[in-house]
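So the structure is just underneath, and the comments pick up after that.
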Amino acid sequence: MRYVVGYSPSSRGRDALNLAVALASSLGAELDVVYVLKQQNPRLAAPRSNFGAMLQEQAVGWLEEAQQWVPTSLKARFHLRQAESTAAGLMEFAGAIGAGAIIVGGAKTGGWLFHSIGSVGNALLHRASVPVILAPHNYDAATHITQVDCAVSPDIDSIGLVEEAVATSNRTGLAVRLVSLIEDAATDGSVAREAEEGIRDLLEQSSLVPERPDLITVAVGHGASVPDAVESVDWSAGSVLMAGSSKLAQRGELFLSSNTAKILTRLPIPLVVVPRDYSPGRRGSAQEPWTGSIPVVGR
């Protein structure tokens, strides 16, 4: 499995690279680190100008600097691409190599605690046809991924994500936790209990059976708002959260849902957003799922 990493010479580019290193080290994946140069408008380019060559030389230097942050034990390639936009360049490259996911950092500034969505991330979250993985601020490359959380609702619409979560556990041997985040004003916990029962019912209805049922758990976070519900959950530093796309998304494409956007405001771990009806892990598509088919390193 190959992951495309959207790199820039900034702290956010370093966040993306650190997350990519953690995922590659834990899942045995290969990395393709990409810096995208925006194509120059020939009408605006000065005659005999060497500005483009200077930009290219600078970008190559940035990629060479990035190499020092990737352990030599990992297989990584470094690429300079030209495209109309960074997001377009990353999507085109991911499609060309059959990548399993695109990893990016956030914006330079943002009012959220751990995440911020820049123009590149925003474009990918509304156009990509492969999963997009968002790195939180100051992510540690030494993190070992030991668990995949999956944001689901107790409704039947979540059955696809539940099955993909089971497939992820069966394929990688990682622990998988199905997490439901409920806006619950009640103080007796009745809504949370009903949500947990609904998710367990979805597990029973799943067309896939967990090979290790002990690795599949359920958790419900609840609060007066979705961000409060996020804060009520104990998130492991070695986990990532997988979430589906909005119903507004075209089949096979991403569209960030309003609920997932609310989750991001307080989420301390990486977020994996998968396209609508994305199910290569359980249906045997030629395109590999984001977690890949390679066994987890060290397991």
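Numbering-wise, UniProt numbering puts 244 at position 244 of the sequence shown, and it's gapless, one number per residue. Backbone N, C-alpha and C fix where the C-beta goes; we use that ideal spot for every residue, glycine too.
Between the C-alpha atoms of Leu215 and Leu134 there is a straight-line separation of about 25 angstroms. Under DSSP, His144 takes part in no beta bridge, so it has no partner. Taken through DSSP and simplified to helix, strand or coil, Asp32 comes out as strand. Rounded to whole angstroms, the Cβ separation of Pro270 and Ser129 is 20 angstroms, and the two are not in contact under 8 angstroms. Ser116 is positioned such that its CB atom lies no closer than 8 angstroms to that of Glu163. At the C-beta level, Arg177 and Thr143 stay beyond 8 angstroms of one another. Contact annotation: Leu267 and Val230 have beta-carbon atoms nearer than 8 angstroms.
Glu183: not part of any alpha helix (DSSP H); member of the beta strand (DSSP E) spanning Ala175 to Glu183, first to last residue. In the DSSP annotation of this structure, the continuous segment of the alpha helix (DSSP H) that includes Val162 starts and ends at Ile159 to Thr172.
Per DSSP, the continuous alpha helix (DSSP H) segment holding Ala229 begins and ends at Val226 to Glu231. Here Met91 is buried: its Cβ has 16 or more other Cβ atoms, across all protein chains shown, within 10 Å. Of the candidates His222, Val104 and Phe114, the residue whose Cα lies closest to the Cα of Val120 is Val104.
With a 10 Å radius around the Cβ and a threshold of 16 neighbouring Cβ atoms, Thr260 comes out buried.
Assignment of Asp214 by DSSP, reduced to helix, strand and coil, places it in the helix class. The C-beta of Ala87 has 16 or more other C-beta atoms within 10 Å across all chains shown, which makes the residue buried. Per DSSP, reduced to three states, the secondary structure at Gln82 is strand.
Boundaries of the beta strand (DSSP E) harbouring Ser239: Ser239 to Ala243, taken from the DSSP string.
The three-state secondary structure of Arg14, taken from DSSP, is helix. Where Leu124 is concerned, the enclosing alpha helix (DSSP H) starts and stops at Ser119 to Leu124.
Inclusion of Leu17 and Tyr3 in the CB contact set at 8 angstroms is not warranted, their separation being larger than that value. For Arg2, the enclosing beta strand (DSSP E) begins and ends at Arg2 to Gly6.
If you compare the alpha carbons of Glu211, Ala29, Ser25 and Val34 with that of Gly6, the shortest gap goes to Val34. Straight across, the Cα-Cα distance linking Leu55 with Leu63 is about 12 angstroms. When rounded, the separation of the alpha-carbon atoms in Ala192 and Ile182 is 7 angstroms.
Assignment of beta-bridge partners to Ala219 by DSSP yields Val179. Val60 is not a Cβ neighbour of Val21, given a cutoff of 8 angstroms.
When Leu80, Ala165, Arg14 and Ala224 are compared, the shortest CA-CA separation from Val179 is found for Ala165. Nearest to Lys262 by C-alpha distance, out of Gln82, Pro131 and Phe114, is Phe114. Secondary structure of Ala107 (DSSP, three-state): coil.
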